[in-house]
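S.K.: Submitted below is the structure of interest, expressed as structure tokens.
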Amino acid sequence: MTETVPEKSLDVAAFRPPRNQWWDVWDQFKVHKGALAGSLVFGLIVLFCFVGPWLWPYDATFIDIRSRNQGMSLAHPFGTDQLGRDIMARMMAGGQVSLAVGIVAMLLSIVIGALIGVLAGYFRRIDGLLMRMTDLFLALPLLPLLLVMSMLFRQPLSAVFGVEMGMFLLIVTAIGITSWMRTARVVRGDVLALKEREYVLAARSIGTPPRRLILRHILPNVLSPVMVSATLMIATAIITESALSFLGMGFPPDFPTWGRLVYDGIDYLQQYPSRAMLPGVFISLTVLSVNYIGDGLRDALDPRIRGR
């Protein structure tokens, strides 16, 4: 004997508003324990870097020669450097610069990669040209290229925008224009598949112009791989900036970044190993947490996995 469903329950279910797909994404994301742990760690690092300076009494540039080369204490939890500057304050200031470089360079890289990927995937005439250009950039040795760009444009940009802003623009632009290629390849592959879907063919058959077709039907459906690439690009940009600063081609010595702090701590590695280890640990934790967030987003945004 089959049970009958009450008519009132059917009415409630029929008029219930549709569930937002982002709630489904969140339900899948929170199942990924590594992604949740990475989000927690990354959030704590962001709070440490951007909220900590408002609460910490020491400034990153304050010099106290009488307190130089001190170990860890309650007054200076991370100790002081050779000039008496508080290392914890410099870690906060360095984190602000490193995270800002990572986020801005990621945005520039994602915009360039998504634009080239969409154009190459949708317009067959320029596909070959754009992909050969992408292959050319992939074949270039990136770190030597970044070093050459830093040497060539450091002085002109510093003269126009100032030393700090000039180096920031140089490093962000250099990282952004040398790290968009993988995003372009992923987006192009998705666009090639999407433009043959029924709803895209239907929109094209009624005379929808290519610009509107791309913005309304194709671009929203490639946001998932773009968002995953964006999280991973932050980690890549932070590592690249740290490598440039470690090689002495990044920001000036009085402008702290995590990579610069590692570079400054190398000279005192035997006497004070924590000076190089602490910024290295923060770089590793940031990169690891962002990678876990990217893995969680990849699983949550994949419609074949979502809902299992």
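Heads up: the sequence shown is residues 1303 to 1610, going by our numbering.
Virtual Cβ for every residue (Gly too), placed ideally from N, Cα, C.
(1) How many Å lie between S1544 and M1529 at the Cα?
(2) Measure the beta-carbon distance from G1598 to V1488 and round it to whole angstroms, keeping in mind my assumption that it falls under 8 Å.
(3) Restricting to Cα atoms, I'd like to know which of F1352, I1473, S1411, L1401 is closest to T1588.
(4) Is the beta carbon of L1580 less than 9 Å from the beta carbon of M1393?
(5) Are there any heavy atoms of the ligand SAM lying less than 8 Å away from the beta-carbon of S1544, as far as the coordinates show?
(6) Please determine, among I1405, L1432, D1556, T1382, the residue with the shortest C-alpha to C-alpha distance to G1637.
(7) What does the Cβ neighbour count give for F1344, buried or exposed, with the cut at 16 atoms within 10 Å?
(8) For A1316 and P1527, what's the separation of their Cα atoms in angstroms?
(9) Per DSSP, D1388 is paired with what?
(10) Report buried or exposed for W1328, applying the criterion of at least 16 other Cβ atoms within 10 angstroms of its Cβ.
(11) Can you say whether R1610 is buried or exposed, counting buried as having 16 or more other CB atoms within 10 angstroms of its CB?
(12) Ignore the nearest five residues each way along the sequence and tell me which others in R1506's own chain have a CB closer than 8 Å to its CB.
M.R.: In short:
(1) Counted from its first residue, the sequence shown places residue 1544 at position 242. Counted from its first residue, the sequence shown places residue 1529 at position 227. Between S1544 and M1529, the C-alpha separation is close to 23 Å.
(2) The sequence position of residue 1598 within the sequence shown is 296, counting from 1. The sequence position of residue 1488 within the sequence shown is 186, counting from 1. G1598 to V1488, Cβ: 18 Å. No contact.
(3) As a first step, residue 1588 must be located in the sequence shown, where it is residue number 286. Among F1352, I1473, S1411, L1401, the Cα nearest to that of T1588 is on L1401.
(4) As a first step, residue 1580 is located in the sequence shown; it is residue number 278 there, counting from the start. As a first step, residue 1393 is located in the sequence shown; it is residue number 91 there, counting from the start. Yes, the Cβ-Cβ distance between L1580 and M1393 is below 9 Å.
(5) In terms of ligand content, the structure shown is empty, and the ligand SAM therefore cannot be addressed.
(6) Summary: the structure shown does not reach residue 1637, with the chain confined to residues 1303 through 1610, and so no result is reported for it.
(7) Here the question's residue 1344 lines up with position 42 in the sequence shown. It counts as buried.
(8) Reading the sequence shown from its first residue, position 14 is the one you call residue 1316. Reading the sequence shown from its first residue, position 225 is the one you call residue 1527. In this predicted model, A1316 has a pLDDT of only 48, less than 50, meaning its place in the structure is not dependable enough to derive any value.
(9) Taking the sequence shown and counting its residues from 1, the one referred to as residue 1388 is at position 86. T1382, per the DSSP bridge assignment.
(10) As a position in the sequence shown, residue 1328 is number 26, starting the count at 1. With fewer than 16 other Cβ atoms within 10 Å, it is exposed.
(11) Numbered from its first residue, the sequence shown carries residue 1610 at position 308. With a pLDDT of 49 at R1610, under the threshold of 50, the modelled position of this residue cannot be trusted, and the question is left open.
(12) Position 204 of the sequence shown, counted from the start, is the residue given in the question as residue 1506. Counting only Cβ-Cβ distances below 8 Å, and skipping sequence neighbours, we find L1515.
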